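Asker: Let me begin by handing over the structure; questions about it come next.
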Amino acid sequence: MNRFTLSDTPIDADAEKRPLAHVAAGGCVTFEGWVRNHNEAREVQRLDYQAYGALAQAEGEAILAEACTRFELRAARCVHRVGSLAIGDMAVWVGTSADHRGAAFDACRWIIDEVKRRVPIWKNEHYADGESGWLHP
Amino acid sequence: MKYKLLYFASLAYRAGRAEELRDTKARNPRELYTETARDHGFTFAADRIRVAVNGALVGWDHALADGDEVVFLPPVSGG
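Sequences listed follow chains H and U, in order.
Note that the numbering used here has the first sequence beginning at 1, numbered continuously upward.
Note that the numbering used here has the second sequence beginning at 1001, numbered continuously upward.
See below:
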């Protein structure tokens, strides 16, 4: 089973969480990234995510594999949406499980930060004034 | 040599296409980016772009081969 997934359909957080379970795990941490209705003082109405699929998959897997060596984890998974999303939709989900909470929290934060920094996915925001623009921070 | 270029996000918008077959004298990504940036009006400096060849990240001086798939990756904005 892939630990990193690109999905063109809504993320089922409960289903994604189930494979984190492990008899030795003392807990799990999950992060959900949602589409918000504003960015840098502009009203956002919806957005599109585009990915370079082959490399995004490889980079995402590499991040999760690296997380499992950096932190004492039992499992780590991530799903990122592609396609057109509405306000409130879940854009990304990250889950980690570990024997102790510290590793699960630290790894979950590290994974979402690395995904945002490295994985070739781009966001096109559609604004209330009819303009749109690709974000390249 | 001939290369297949894929464009994403604002680079696709600028180029007016998502992919392109290019017959060129460029032999590495540095030369190829200079050429395509000139032709399509890309404004990103090379130090803000990453390069992938056949689905793997490479350096700017990577030796390209005929038929390679080349992608110039502008700064990403997932999450």
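Glycine included, every Cβ here is placed at the ideal spot set by N, Cα and C.
Treat the numbers as computed from the prediction; the structure is a model and nothing was measured.
Check each candidate in 119(H), 133(H), 97(H), 123(H) and name the one with the smallest Cα separation from residue 56(H).
Answerer: When only C-alpha atoms are compared, the closest one is 119(H).
Asker: Entirely within the stretch 12-71 of chain H and at least 4 residues each: give me those alpha helix (DSSP H) ranges in chain order.
Answerer: Qualifying alpha helix (DSSP H) stretches, in chain order: 13-17, 53-70.
Asker: What residue does the beta strand (DSSP E) around residue 80(H) start on, and which one ends it?
Answerer: Here the beta strand (DSSP E) through residue 80(H) covers 73-81.
Asker: Output, in sequence order along the chain, the residues in the stretch 1032-1056 of chain U whose CB is closer than 7 Å to any CB in chain H.
Answerer: So the list reads 1052, 1055, given in the order they occur along the chain.
Asker: Using CA coordinates, which residue listed in 81(H), 41(H), 86(H), 68(H) is at the minimum distance from residue 51(H)?
Answerer: When only C-alpha atoms are compared, the closest one is 81(H).
Asker: Taking residue 1075(U) as the query, report the chain H residues whose CB atoms sit under 9 Å from its CB, ordered along the chain.
Answerer: Those are 122, 135, 136, 137, listed as they occur along chain H.
Asker: Taking the CB atoms as reference points, tell me whether residue 115(H) and residue 79(H) lie closer together than 8 Å.
Answerer: It is not a contact, given that the beta carbons lie outside the stated cut-off.
Asker: What is the C-beta distance between residue 75(H) and residue 22(H), in whole angstroms, given that I count them as a contact (C-beta under 8 Å)?
Answerer: Rounded, the Cβ-Cβ distance is 6 Å, consistent with contact.
Asker: What residue does the beta strand (DSSP E) around residue 1018(U) start on, and which one ends it?
Answerer: That residue, residue 1018(U), is in no beta strand (DSSP E); it is neither H nor E in DSSP.
Asker: With residue 85(H) and residue 117(H) assumed to form a contact (beta carbons below 8 Å), what rounded beta-carbon distance in angstroms separates them?
Answerer: Wrong, their Cβ atoms sit about 21 Å apart, outside the cutoff.
Asker: Considering just the uninterrupted stretch of the alpha helix (DSSP H) at residue 101(H), what are its terminal residues?
Answerer: Residues 101-118.
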